[in-house]
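Participant: Take a look at the following structure, please.
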Amino acid sequence: MSNNPELIISENNRIIDISHKDFQKICRSCLNKNGMVNLFCSIHEGTLLIEIYKTLSPCQLNENDGLPNKLCYTCADFVKQLYTFKKRTLESELILQNICVKRERESEINPLNVDVKRELEHENMNIKQEKAKDDCYDSTENENCADENSTEDDVKNTRRKRTPKKIRNSQKIVIKKTRL
């Protein structure tokens with residue numbers, strides 16, 4: 114075994130000086146030599162750091178693969194932040210999907226039931242309007258009829274009584290929500 118340093122040029126043209134004795138003391142992610150945590154012993158939110166690292170990195174990790182099993186503090190913090198971000202996005206996705214499903218269920222009200230309900234309410238409104246008109250005309254039909262002895266005021270009163278009361282056309286459409 115040689116303690117001679119190896120000079121490695123990384124993809125971003127960074128020169129890395131790694132001696133054989135320091136090989137197990139470098140960060141597996143960035144090759145830094147300062148402040149390390151063991152991937153196989155450190156726990157974050159109840160999960161081993163190695164398991165978190167595996168979900169975030171395409172690298173194959175094995176404790177006995179001969180490669181360094183440490184991360185520097187910077188990379189370990191970054192892995193933890195990514196894990197927290199990943200969990201948050203998955204939780205948010207689930208919440209949003211549940212909202213969409215709930216909205217779809219609420220909007221799946223049977224259109225036939227809604228149409229029948231509208232039609233019935235419309236018919237009820239028409240019946241009420243007709244009844245109101247009939248009531249208005251019944252009370253004046255045989256009273257105060259204009260004849261040659263009627264005064265101008267009598268004729269005006271008769272016309273006023275025969276004119277149906279204004280009926281507000283306030284249709285309410287009630288959509289009954291049904292749960293599936």
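All residue numbers for the sequence shown refer to the numbering used here, where the first residue is 114 and numbers rise by one. Even glycine gets a Cβ: it sits at the ideal position worked out from N, Cα and C. The model shown is predicted, which means the values in this text are computed figures rather than measured ones.
1. Report yes or no: do three or more beta-carbon pairs, one from the segment 196-214 and one from the segment 175-184, lie closer than 8 Å?
2. Specify the secondary structure class of Cys-172 as computed by DSSP and reduced to three states.
3. How big is the Cα-Cα spacing for Thr-168 and His-133?
4. Start and end of the alpha helix (DSSP H) containing Lys-305?
5. Buried or exposed for Ile-240, please, with buried defined as at least 16 other CB atoms from any protein chain shown within 10 angstroms of its CB.
6. Considering only the alpha carbon of each residue, which of Leu-203, Asp-135 and Val-150 lies closest to Thr-187?
7. Please classify Arg-141: is it buried, with 16 or more other beta-carbons within 10 angstroms of its beta-carbon, or exposed?
8. Per the DSSP calculation, Leu-161 is bridged to which residue(s)?
9. Rounded to whole angstroms, how far is the Cβ of Leu-144 from the Cβ of Ser-155, which I believe are closer than 8 Å?
10. For Ile-139, which residues from the same chain have a beta carbon less than 6 Å from its beta carbon, with the 5 sequence-adjacent residues on both sides left out?
11. When DSSP builds the beta bridges, which residues end up paired with Asn-151?
12. What does DSSP give as the partner residue(s) for Cys-140 in the beta ladder?
13. Can you give me the Cβ contacts of Asn-255 inside the same chain, cut-off strictly under 6 Å, excluding the 5 residues immediately before and after it?
14. Which residues in the same chain have their Cβ closer than 6 Å to the Cβ of Leu-195, if we skip the five residues on either side of it in sequence?
15. Can you say whether Lys-200 is buried or exposed, counting buried as having 16 or more other CB atoms within 10 angstroms of its CB?
16. Please return the same chain residues whose Cβ sits closer than 7 Å to the Cβ of Cys-185, not counting the five positions on each side in sequence.
17. Going straight from the alpha carbon of His-157 to that of Asp-135, what length do you get?
18. Going by DSSP in three states, Lys-167 sits in which element: helix, strand or coil?
Facilitator: Result, derived from the coordinates:
1. no
2. Here residue 172 is taken as the residue at index 59 of the sequence shown, counted from 1. Three-state DSSP puts Cys-172 in coil, outside helix and strand.
3. Locating residue 168 in the sequence shown gives position 55, counting from the first residue. Locating residue 133 in the sequence shown gives position 20, counting from the first residue. Straight-line Cα distance between these residues: approximately 29 Å.
4. The structure shown does not extend to residue 305, since the chain is modelled only from 114 through 293, so no value can be given for it.
5. Within the sequence shown, the letter at position 127 stands for residue 240. Burial call: exposed.
6. As a working mapping, residue 187 is identified with position 74 in the sequence shown. With distances taken between Cα atoms, Thr-187 lies closest to Val-150.
7. Reading the sequence shown from its first residue, position 28 is the one you call residue 141. Buried: at least 16 other Cβ atoms inside 10 Å.
8. Along the sequence shown, read from residue 1 onward, the residue named residue 161 stands at position 48. BP columns for Leu-161 point to Ile-156.
9. Locating residue 144 in the sequence shown gives position 31, counting from the first residue. Locating residue 155 in the sequence shown gives position 42, counting from the first residue. The Cβ separation is near 19 Å, so there is no contact.
10. In the sequence shown, counting from the first residue as 1, residue 139 sits at position 26. Closer than 6 Å at Cβ, skipping near neighbours: Lys-146 and Pro-181.
11. Numbered from its first residue, the sequence shown carries residue 151 at position 38. Asn-151 is bridged to Lys-183.
12. As a first step, residue 140 must be located in the sequence shown, where it is residue number 27. Paired residue(s): Lys-183.
13. Here residue 255 corresponds to residue number 142 of the sequence shown, with the count starting at 1. Unreliable positioning characterises Asn-255 in this predicted model, as indicated by a pLDDT of 47, which lies under 50. The coordinate reading is nonetheless provided below. So the list is empty, once near-sequence residues are dropped.
14. To locate residue 195, count along the sequence shown from 1; it is residue 82. Taken in chain order, the residues that qualify are Leu-169.
15. Start at 1 with the first residue of the sequence shown, and residue 200 comes out as number 87. Looking at its Cβ environment, which holds fewer than 16 other Cβ atoms inside 10 Å, Lys-200 is exposed.
16. Within the sequence shown, residue 185 is the residue found at index 72, counting from 1. Shown here for Cys-185: same chain residues with a beta carbon closer than 7 Å to its own, the five before and five after excluded, namely Cys-140, Cys-143, Asn-145, Asn-147, Gly-148 and Met-149 in chain order.
17. For the purposes of this step, residue 157 is identified with residue 44 of the sequence shown, where counting begins at 1. For the purposes of this step, residue 135 is identified with residue 22 of the sequence shown, where counting begins at 1. If I take the Cα positions, the gap works out to 26 Å.
18. Locating residue 167 in the sequence shown gives position 54, counting from the first residue. In the three-state reduction of the DSSP assignment, Lys-167 falls in the helix class.
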